[in-house]
Amino acid sequence: MAAFAMIGCGSQNPGQPAGSASSTPESTTPPAKPASMNEYLHSVGVTVTPVSPESPANVRVDVPLPQGWENLGALDPAYLIADKPSGADQGRTPSAVVYLIKLGGPLDARKVISEHGFADAQNTQNFQKIASSLDDFQGYPSAAIEGTYENQGVQVHAWNRDVIVPDGRCTTWCSSP
Numbered sequence: 001m002a003a004f005a006m007i008g009c010g011s012q013n014p015g016q017p018a019g020s021a022s023s024t025p026e027s028t029t030p031p032a033k034p035a036s037m038n039e040y041l042h043s044v045g046v047t048v049t050p051v052s053p054e055s056p057a058n059v060r061v062d063v064p065l066p067q068g069w070e071n072l073g074a075l076d077p078a079y080l081i082a083d084k085p086s087g088a089d090q091g092r093t094p095s096a097v098v099y100l101i102k103l104g105g106p107l108d109a110r111k112v113i114s115e116h117g118f119a120d121a122q123n124t125q126n127f128q129k130i131a132s133s134l135d136d137f138q139g140y141p142s143a144a145i146e147g148t149y150e151n152q153g154v155q156v157h158a159w160n161r162d163v164i165v166p167d168g169r170c171t172t173w174c175s176s177p
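Heads up, the final residue of the sequence shown is numbered 177 in our numbering, and it's a clean run with no missing numbers.
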């Protein structure tokens with residue numbers, strides 16, 4: 001099986017309201033963070049092997065870049081990294097990272113996606129969901145989530161998609177953080 005993930009992010013408009021804070025202290029313990037896709041796969045004995053564009057693989061990822069974006073190439077474990085230098089805001093540029101990962105071992109792709117597909121995004125600091133979907137991507141189990149989170153004091157807008165592609169001999173997980 002193969003997995004594909006694509007993650008894009010950029011700084012949030014600094015003029016946007018951050019929301020209101022409550023003056024009443026919370027007395028409940030926050031819920032435990034869900035296990036990330038990677039943590040779950042390791043916990044059930046599935047091997048996770050990053051795939052580079054040069055690796056022999058049954059699955060390839062083609063990401064057409066919008067105008068003004070630059071392909072920065074692959075940097076292990078990322079399959080592709082791209083950014084938009086002209087979009088710099090608060091010292092950060094919009095960026096996209098694609099991971100292509102070969103999975104070894106039996107798994108229920110739809111169950112993994114539905115139970116762990118949003119975890120990586122939801123586990124980021126102060127994550128606020130905007131939208132999410134468990135609709136298939138090109139016929140394969142997929143989880144897509146969009147939201148904002150805090151990174152080093154900057155509000156970041158992010159979109160993540162995880163797709164698991166069974167190819168008969170292996171499974172590939174594609175992810176974008």
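Ideal Cβ placement from N, Cα and C applies to all residues, glycine included. Bear in mind the structure is a predicted one, so any value in this text is a computation, not a measurement.
Assigned exposure category for residue i - 16 Cβ within 10 Å defines buried
i, result
"R60", "exposed"
"I101", "buried"
"H116", "buried"
"S22", "Confidence is the limiting factor: at S22 the pLDDT is only 42, short of 50, which leaves the residue's position unreliable, though a coordinate-based value still follows. Its Cβ having fewer than 16 others within 10 Å, S22 is exposed."
"G147", "buried"
Simplified DSSP assignment, three categories, for residue i
i, result
"K84", "coil"
"K111", "helix"
"E70", "strand"
"N38", "helix"
"D136", "coil"
"S43", "helix"
"V98", "strand"
"S22", "Here S22 scores only 42 on pLDDT, less than 50, and its place in the model should not be relied on; the value that follows carries that caveat. Reduced to three states, the DSSP call for S22 is coil."
"P14", "Note that P14 scores a pLDDT of 40, beneath 50, so its modelled location is shaky; the value from the coordinates is reported in the next line. The answer is coil: DSSP assigns P14 none of H, G, I, E or B."
For residue i, the nearest candidate out of the options (CA to CA)
i, options, result
"S133", "D162, A35 and N123", "D162"
"V98", "G73, N38 and G117", "G73"
"A96", "D135, K33, V165 and V156", "V156"
"Q125", "Y149, S142 and Y140", "Y149"
"K129", "G139, S142 and A158", "A158"
"F118", "F127, I145, V51 and E54", "I145"
"Y79", "V165, V63, D89 and S43", "V63"
"S185", "K33, P34, K111 and L103", "This structure gives no information on residue 185, because the portion of the chain shown stretches from 1 to 177."
"N151", "S36, P53, H42 and R92", "R92"
"A88", "L41, H42 and G68", "G68"
"P34", "N71, Q122, L41 and E70", "Q122"
"S52", "P77, N71 and S86", "P77"
Within 9 Å, strictly: CB atoms of residue i and residue j
i, j, result
"N38", "V48", "yes"
"V46", "P106", "yes"
"N160", "D135", "no"
"I164", "L103", "yes"
"V44", "Q90", "no"
"A109", "P166", "yes"
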